[in-house]
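Working notes, beginning with the structure itself.
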Amino acid sequence: MRAFACPLSYKKHPFKRPLMPHNIAILGSTGSIGTQTLDVISRFPERFKATILAAGSKVDQLIEQAIAFRPSLAIIADETKYGRLCEALSPLGIECAAGSDALADAMERDDFDTVVTATVGYSGLLPTIRAIKAGKQIALANKETLVVAGELVTRLLAQSPSKVIPVDSEHSAIYQCLVGEDSATVNKLIITASGGPFRTKSREEIANVTAEQALHHPRWQMGAKITIDSATMLNKAFEIIEARWLFDIAPERIEAVVHPQSIVHSMVEFIDGAVKAQLGIPDMRLPIRYALGDASRLPSSERPLSLADYATLTFEKPDPEKFPCLTLAPYALTKGGNSACVINAANEVAVRAFLKGKIPFTGIYDSITMTLEKIPFVATPTLDDYVATHKAAIAYAEKLTGCKSGIIH
Ligand code: MG
Numbered sequence: 032m033r034a035f036a037c038p039l040s041y042k043k044h045p046f047k048r049p050l051m052p053h054n055i056a057i058l059g060s061t062g063s064i065g066t067q068t069l070d071v072i073s074r075f076p077e078r079f080k081a082t083i084l085a086a087g088s089k090v091d092q093l094i095e096q097a098i099a100f101r102p103s104l105a106i107i108a109d110e111t112k113y114g115r116l117c118e119a120l121s122p123l124g125i126e127c128a129a130g131s132d133a134l135a136d137a138m139e140r141d142d143f144d145t146v147v148t149a150t151v152g153y154s155g156l157l158p159t160i161r162a163i164k165a166g167k168q169i170a171l172a173n174k175e176t177l178v179v180a181g182e183l184v185t186r187l188l189a190q191s192p193s194k195v196i197p198v199d200s201e202h203s204a205i206y207q208c209l210v211g212e213d214s215a216t217v218n219k220l221i222i223t224a225s226g227g228p229f230r231t232k233s234r235e236e237i238a239n240v241t242a243e244q245a246l247h248h249p250r251w252q253m254g255a256k257i258t259i260d261s262a263t264m265l266n267k268a269f270e271i272i273e274a275r276w277l278f279d280i281a282p283e284r285i286e287a288v289v290h291p292q293s294i295v296h297s298m299v300e301f302i303d304g305a306v307k308a309q310l311g312i313p314d315m316r317l318p319i320r321y322a323l324g325d326a327s328r329l330p331s332s333e334r335p336l337s338l339a340d341y342a343t344l345t346f347e348k349p350d351p352e353k354f355p356c357l358t359l360a361p362y363a364l365t366k367g368g369n370s371a372c373v374i375n376a377a378n379e380v381a382v383r384a385f386l387k388g389k390i391p392f393t394g395i396y397d398s399i400t401m402t403l404e405k406i407p408f409v410a411t412p413t414l415d416d417y418v419a420t421h422k423a424a425i426a427y428a429e430k431l432t433g434c435k436s437g438i439i440h
């Protein structure tokens, strides 16, 4: 096992700390992670400055953010909103751009040091690759980048001075547990899962759940896509894939455990039997601060964890019979190639189809497996192969679910 000792490790290229303030680009600034990143930046004005803000389609919120944070560039992916953006921000001297190409092109600018990749789904892949090629530091919140193309992204990282610090709470926890440790002494990564809103429901009850029920996550306030992924537990399967690439560890050494209180954010087991865990209240601002601060500890203004408030912390095995999406992690990691790219694309469509009432909750897993059967397998995909696989899987899943996903191909 090479564990975490190479491409994405904090041991790799000690990042040259930029002069203060540290300039930050946020991809997905109007989403859940994006707004919390801006909250962190606003608490450390001498330390961080948001210099690029990019959003999908929420132009009015992006304008509000740009007026408050005064970036040098604001980007809206939805090109129909470009006029509105320019009208509001050009008089303030803020440069404006639109479209997904503009987003990827911006990654080569020299007015930022770290990019927070907080877009949803596959859309994070191409800008992240451009940022890696440009040698930027990556605060990785978009797990799909590593799910879709982990092998390619890892290879590019090995050739770049870029360093990745995860923002996903579980991976941030593992990263924190690994600091100061020898990678050769790592036995196992233990990723915790809240179990989502349907943990205690029977298989029959799960078959009939509504979108409203699925959107009600018991512990975390997140965007709709990741909340549904948490309900199916595909999010945990994705996090296992993400961990495999992020820490360069053999898939059989990664395990998920259900921990409904979401206080232990993940653990690392070492060869001497010791298990290290990182604990905290469920609040994404901690992993965001840690990533923006280049793996350093910045003071929190949130209420600290009081273990006395939690009489019991419980752990249980996940149930792949009830949550078959969990089986997609070992499947994708064993099969490799473009299989996880197909799973991600089919899921992006299926989640939208479920939210629109086109398919039942259990239809999400069925749509993914049917798309997997249909899309040709590519053992060693290039970037073009990933792009083609994504498009083909989106098109097939749309036909299957009868749902125009609105995903930009
Ligand atoms: Mg997570």
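Counting along the sequence shown from 1, when you hit position 295 you're at 326 in the working numbering, and nothing is skipped either side. Using N, Cα and C, we set each Cβ at its ideal position, and we do this for glycine too. All values reported here derive from a predicted model rather than from experimental measurement.
May I ask whether a heavy atom of the ligand MG can be found less than 7 Å away from the beta carbon of serine 200?
yes
Assess contact between the segment 184-192 and the segment 210-219, defined as three or more Cβ pairs (one per stretch) separated by less than 8 Å. Is contact present?
no
Starting from serine 297, trace the beta strand (DSSP E) in both directions and tell me its first and last residue.
Per DSSP, the unbroken beta strand (DSSP E) holding serine 297 starts and ends at 295-301.
Please list the terminal residues of the continuous alpha helix (DSSP H) segment that includes leucine 104.
No alpha helix (DSSP H) contains leucine 104, which is instead part of the beta strand (DSSP E) from 104-107.
Just curious, the alpha helix (DSSP H) that isoleucine 72 is in, first and last residue?
63-74
Just reading off the alpha helix (DSSP H) that glutamate 118 is part of, what are its end residues?
113-120
Would glutamate 201 be called buried (16 or more neighbouring beta carbons within 10 Å of its own) or exposed?
buried
Given a threshold of 16 other Cβ atoms within 10 Å of its Cβ, counted over all protein chains shown, does serine 40 qualify as buried or as exposed?
The pLDDT assigned to serine 40 is 47, lower than 50, so where the model puts this residue is not dependable; a value taken from the coordinates is nonetheless given after this. Serine 40 is buried by the Cβ-count criterion.
Rounded to whole angstroms, how far is the Cβ of threonine 82 from the Cβ of aspartate 142, which I believe are closer than 8 Å?
5 Å
So, using beta-carbon positions, are alanine 262 and proline 228 closer together than 8 Å?
yes
Reducing DSSP to helix, strand and coil, say where valine 382 ends up.
helix
Would you be able to state if there are at least three C-beta pairs under 8 Å between the segment 421-432 and the segment 376-386?
yes
With distances taken from CA atoms, which of Gly59, Glu300, Met51 is nearest glycine 254?
Gly59
Can you tell me the Cα-Cα spacing of threonine 420 and valine 373, whole angstroms?
7 Å
Starting from leucine 220, trace the beta strand (DSSP E) in both directions and tell me its first and last residue.
217-224
Assuming glutamate 85 and isoleucine 106 make a contact with CB atoms under 8 Å, what is their CB distance in whole Å?
Checking the sequence, you will find alanine at residue 85 rather than glutamate. That pair is a contact at about 4 Å.
Between the Cα of proline 197 and those of Arg320, Pro330, Ala162, spot the shortest distance and give me the residue it belongs to.
Arg320
Just mark lysine 348 as buried or exposed, buried being the case when its beta carbon has 16 or more other beta carbons within 10 Å.
Exposed, by the Cβ-count rule.
Any heavy atom of the ligand MG closer than 7 Å to the CB of glutamate 286?
No; taking the cut-off as 7 Å, the Cβ of glutamate 286 has no heavy atom of the ligand MG nearer than that.
I'd like the list of long-range same chain contacts for serine 331, defined as Cβ closer than 6 Å, with 5 residues on each side in sequence excluded.
none
Would you tell me roughly how many angstroms separate the C-alpha atoms of cysteine 356 and arginine 101, rounded to the nearest one?
42 Å
Does the beta-carbon distance from phenylalanine 278 to isoleucine 205 come in below 8 Å?
yes
By the three-class DSSP mapping on this structure, what secondary structure does methionine 32 have?
Annotation note: pLDDT 37 at methionine 32 (below 50); position unreliable, coordinate value reported separately. Looking at methionine 32 - three-state DSSP - the assignment turns out to be coil, as it is neither helix nor strand.
Less than 7 Å between the CB of glutamate 270 and some heavy atom of the ligand MG, yes or no?
yes
Helix, strand or coil: which one does DSSP assign to cysteine 208?
When secondary structure is reduced to three states using DSSP, cysteine 208 falls in the helix class.
Classify tyrosine 417: buried if its beta carbon has 16 or more other beta carbons within 10 angstroms, exposed otherwise.
buried
Please report how far the alpha carbon of glutamate 243 lies from the alpha carbon of glycine 65, in whole angstroms.
24 Å
Would you call the CB atoms of phenylalanine 385 and isoleucine 237 closer than 8 Å?
no
Contact between the segment 217-226 and the segment 271-291 is defined here as three or more beta-carbon pairs at a separation below 8 Å; is this criterion met?
yes
Suppose contacts are defined by Cβ-Cβ distances below 8 Å. Is leucine 177 in contact with tryptophan 251 by that definition?
No.
Does DSSP classify threonine 145 as helix, strand or coil?
DSSP places threonine 145 within a strand segment (E or B) once states are collapsed to three.
Only counting runs of 4 or more residues, tell me where the alpha helix (DSSP H) segments fall wholly within the segment 411-435, in order along the chain.
414-432
With a floor of 4 residues, list each alpha helix (DSSP H) that falls wholly inside the segment 336-386, ordered by position along the chain.
359-366, 370-386
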